[in-house]
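Student: In my numbering, the protein residues as written are 2 to 364.
Just so you know, even glycine gets a beta-carbon here, dropped at the ideal spot from N, CA and C.
In this text, all values refer to a predicted model and were calculated from it rather than measured experimentally.
Below is the structure I would like to discuss, written out as structure tokens.
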């Protein structure tokens, strides 16, 4: 498929509206979750941030003013998510081998505690769209040579089931389909992305396809008008897209950073994650440099096109990002102990509309 002419890089569509310095102690942020997309009526928009000192800090999304501090984990926090139907319910996952549920109306202690058995550090997790099932991936247990994918029913803290044959190394990523509660994908340092239908919690029956990135999987997620595609980013910074239903590889870009430098003269030092913009039906790769600049790039079938640069907020590596697409505002957290809120002066969709390059994925 031929690509149309690529747009010029439009600077400064987004500016840093506000920032909050969390550096009262030596810490940085490496994970974010927001309750803005919660299905229930939500009068209090919150952002939860995982800090490097193993605590969770809760802020007002609009003002970035602190709203609470959650202590309990005894190891690095590897995931955060809000319940879809309860804006005050937050879940967190940790290397301390637990998943904790917090009611933000009472922040003193977790309300539920899920433990991995066998005891294994948890690398990533997700809650399905019906708020009934938790899935979490674990580090490889070397003594057993097994990497477990655990499942819990939210109504019981007992492990419901565990898969042991899908992956042969640490399972870093677990993502449920946004609208299909029994569909999920897992990604591992073994290079594989496994796709499941857990209508029946039987590993042999549940796994529907195995996708190979040929590298260690760093990030993955569902996207598309019907969330029919899966993207994957690897630790060697390759980018992949598959049709989830057909297990068909649609895009395989081996040199994302090199391409941005050679084609667009844009030097980035790392990739953060991808985010799907529902209004424009486009997938964006978020990248950055060690000076604190954040780059929003549009993922085409065969190329990556710069769209926007966020500058003037951070002064060090940015580790996490949350993009609230309804208002086109962005929250970022980094190693400089800053949480930044970026608000569009002219909506970022105006920059997206000026991008005339091909973005439709083939069916």
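Helix, strand or coil, according to DSSP, for residue 320 in the structure here?
Tutor: To locate residue 320, count along the chain shown from 1; it is residue 319. Strand at residue 320.
Student: Which residue comes first and which comes last in the beta strand (DSSP E) that contains residue 162?
Tutor: Counted from its first residue, the chain shown places residue 162 at position 161. Residue 162 -> beta strand (DSSP E) spans 160-164.
Student: How would you write the range of the alpha helix (DSSP H) that residue 120 sits in, first residue to last?
Tutor: Reading the chain shown from its first residue, position 119 is the one you call residue 120. No alpha helix (DSSP H) holds residue 120; DSSP gives it neither H nor E.
Student: Residue 104 lies in the beta strand (DSSP E); which residues open and close that run?
Tutor: Counted from its first residue, the chain shown places residue 104 at position 103. Element bounds for residue 104: 99-104.
Student: With a threshold of 16 other CB atoms inside 10 Å of the CB of residue 99, please say whether the residue is buried or exposed.
Tutor: For the purposes of this step, residue 99 is identified with residue 98 of the chain shown, where counting begins at 1. Classification for residue 99: buried.
Student: Pick out whichever of 118, 147, 71 has its Cα sitting closest to the Cα of residue 110.
Tutor: To locate residue 110, count along the chain shown from 1; it is residue 109. Per the Cα distances, 71.
Student: Could you check if residue 320 is buried or exposed, using at least 16 other CB atoms within 10 Å of its CB as the buried criterion?
Tutor: By one-based count along the chain shown, residue 320 stands at place 319. Buried, by the Cβ-count rule.
Student: Measure the CB-CB distance between residue 141 and residue 95 and report whether it falls below 9 Å.
Tutor: Along the chain shown, read from residue 1 onward, the residue named residue 141 stands at position 140. Along the chain shown, read from residue 1 onward, the residue named residue 95 stands at position 94. No, the Cβ-Cβ distance between residue 141 and residue 95 is not below 9 Å.
Student: What is the residue span of the alpha helix (DSSP H) that residue 1 lies within?
Tutor: Nothing about residue 1 can be read from this structure; the chain reaches only from 2 to 364.
Student: In terms of DSSP beta bridges, what is residue 253 paired with?
Tutor: Taking the chain shown and counting its residues from 1, the one referred to as residue 253 is at position 252. BP columns for residue 253 point to 241.
Student: Check the C-beta distance from residue 376 over to residue 175 and give it rounded, since I have them as a contact under 8 Å.
Tutor: Not covered by the structure: residue 376. The range shown for the chain is 2 to 364.
Student: Can you list, in chain order, the residues of its chain whose CB lies under 6 Å from that of residue 220, leaving out five sequence neighbours each side?
Tutor: Position 219 of the chain shown, counting from 1, holds the residue named residue 220. If we look at residue 220 and ignore the five residues flanking it on each side, its Cβ neighbours are 234, 274.
Student: Quick one: using the 10 Å Cβ neighbour count with 16 as the cut-off for buried, is residue 76 buried or exposed?
Tutor: On the chain shown, residue 76 is found 75 positions in, with the first residue counted as 1. With fewer than 16 Cβ atoms within 10 Å of its Cβ, residue 76 is classed as exposed.
Student: Would you tell me roughly how many angstroms separate the C-alpha atoms of residue 84 and residue 263, rounded to the nearest one?
Tutor: Taking the first residue of the chain shown as 1, we reach residue 84 at position 83. Taking the first residue of the chain shown as 1, we reach residue 263 at position 262. So the alpha carbons of these two residues sit roughly 42 Å apart.
Student: Taking C-alpha atoms, which residue in 181, 121, 134 lies nearest to residue 165?
Tutor: Position 164 of the chain shown holds residue 165. Checked all of 181, 121, 134; the closest Cα to residue 165 is 121.
Student: Quick check: what's the CA-CA separation for residue 196 versus residue 208?
Tutor: As a working note, residue 196 is residue 195 in the chain shown. As a working note, residue 208 is residue 207 in the chain shown. In a straight line, the C-alpha of residue 196 is about 6 Å away from that of residue 208.
Student: Measure from the alpha carbon of residue 61 to the alpha carbon of each residue in 53, 55, 54, 88, then state which is nearest.
Tutor: Position 60 of the chain shown, counted from the start, is the residue given in the question as residue 61. Nearest of 53, 55, 54, 88 to residue 61, Cα basis: 88.
Student: Grouping DSSP H, G and I as helix and E and B as strand, with all else coil, what is residue 63?
Tutor: Taking the chain shown and counting its residues from 1, one reaches residue 63 at position 62. Three-state DSSP puts residue 63 in coil, outside helix and strand.
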